[in-house]
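Asker:
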Amino acid sequence: KNEVEQSPQNLTAQEGEFITINCSYSVGISALHWLQQHPGGGIVSLFMLSSGKKKHGRLIATINIQEKHSSLHITASHPRDSAVYICAVFKTSYDKVIFGPGTSLSVIP
Amino acid sequence: EPEVTQTPSHQVTQMGQEVILRCVPISNHLYFYWYRQILGQKVEFLVSFYNNEISEKSEIFDDQFSVERPDGSNFTLKIRSTKLEDSAMYFCASGGQGPTFGSGTQLSVL
Chain A
353 KNEVEQSPQN
363 LTAQEGEFIT
373 INCSYSVGIS
383 ALHWLQQHPG
393 GGIVSLFMLS
403 SGKKKHGRLI
413 ATINIQEKHS
423 SLHITASHPR
433 DSAVYICAVF
443 KTSYDKVIFG
453 PGTSLSVIP
Chain B
66 EPEVTQTPSH
76 QVTQMGQEVI
86 LRCVPISNHL
96 YFYWYRQILG
106 QKVEFLVSFY
116 NNEISEKSEI
126 FDDQFSVERP
136 DGSNFTLKIR
146 STKLEDSAMY
156 FCASGGQGPT
166 FGSGTQLSVL
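Listed in order, the protein sequences are those of chains A and B.
Sequential numbering from 353 applies to the first sequence in our numbering.
Sequential numbering from 66 applies to the second sequence in our numbering.
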């Protein structure tokens with residue numbers, strides 16, 4: 353069993369839809385990281401969370417430490433949101449990072 | 066906005082050759098990382114570096130690999146005697162939790 357899992361694996365949405373991507377993990381963590389990987393391969397940090405909720409523009413990330421679960425929400429989705437979204441956890445040793453398999457999002461006009 | 070710079074963007078090498086991938090982290094960052102992503106697979110952690118030494122490494126990071134911070138600005142990943150399966154995108158990142166990623170070096174081993 354993978355230590356970090358994401359669902360769904362692939363997601364197609366119509367422009368304007370509300371999108372949720374889920375991440376669950378089975379190890380103790382010090383923080384969780386949401387990343388966006390563009391079609392060209394570049395990786396951008398979106399959020400770093402250790403508790404609660406963070407919001408940046410149309411993106412919202414939440415984490416429930418007790419349930420070992422995090423969600424990334426995108427409101428009013430747009431075709432430029434099309435990318436792979438990756439959840440990564442920092443284990444309690446701080447440096448060790450485990451990446452999820454990614455969720456491939458395609459937003460259709 | 067500060068950036069992490071990686072060079073070269075593409076590297077083609079023959080199997081058995083040594084390659085050095087270069088990274089210029091953000092200047093006031095103290096933690097540095099190397100990750101790799103084989104085509105179609107998830108990103109994998111290779112190594113973290115702090116205070117001029119390796120702080121953590123994965124099972125992938127064996128004796129074939131080494132990292133250095135030869136001066137105050139560069140952070141390098143050396144792969145000795147490259148194998149076909151070393152072909153991947155290699156990402157450097159710097160910062161603490163919430164690191165900034167470089168744009169990657171695509172390594173192709175022929």
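Where is the CB? At the ideal position from N, CA and C, for every residue including glycine.
For clarity, every value in this text was computed on a predicted model and none was experimentally measured.
What I want to know is whether the C-beta of Gln-366 of chain A ends up closer than 6 angstroms to one or more non-hydrogen atoms of the ligand ZN.
Answerer: Of ligands this structure carries none, so the ligand ZN is not represented either.
Asker: By DSSP's criteria, Asn-93 of chain B is part of a beta bridge. Which residues make up the other side?
Answerer: Asn-93 of chain B pairs with nothing; no bridge assigned.
Asker: Could you check what DSSP says for Leu-175 of chain B in three-state terms: helix, strand or coil?
Answerer: coil
Asker: For Phe-370 of chain A, report the span of its beta strand (DSSP E) as first-last.
Answerer: It is not in any beta strand (DSSP E) - Phe-370 of chain A carries neither H nor E in the DSSP assignment.
Asker: Give every residue of the same chain whose Cβ lies closer than 7 angstroms to the Cβ of Asp-151 of chain B, excluding the five residues on either side of it in the sequence, and list them in chain order.
Answerer: Closer than 7 angstroms at the Cβ level, and outside the excluded window around Asp-151 of chain B, lie Ile-144, Leu-172, Val-174.
Asker: I want to verify the contact list: residues of chain B whose CB lies under 9 angstroms from the CB of His-425 of chain A, in sequence order.
Answerer: For His-425 of chain A, there are no C-beta contacts with chain B under 9 angstroms, since the nearest C-beta of that chain is about 19 angstroms from it.
Asker: Bridge partners for Leu-363 of chain A per DSSP, in chain order?
Answerer: A:Leu-457
Asker: Beta-carbon of Val-108 of chain B versus every beta-carbon of chain A: anything under 7 angstroms?
Answerer: yes
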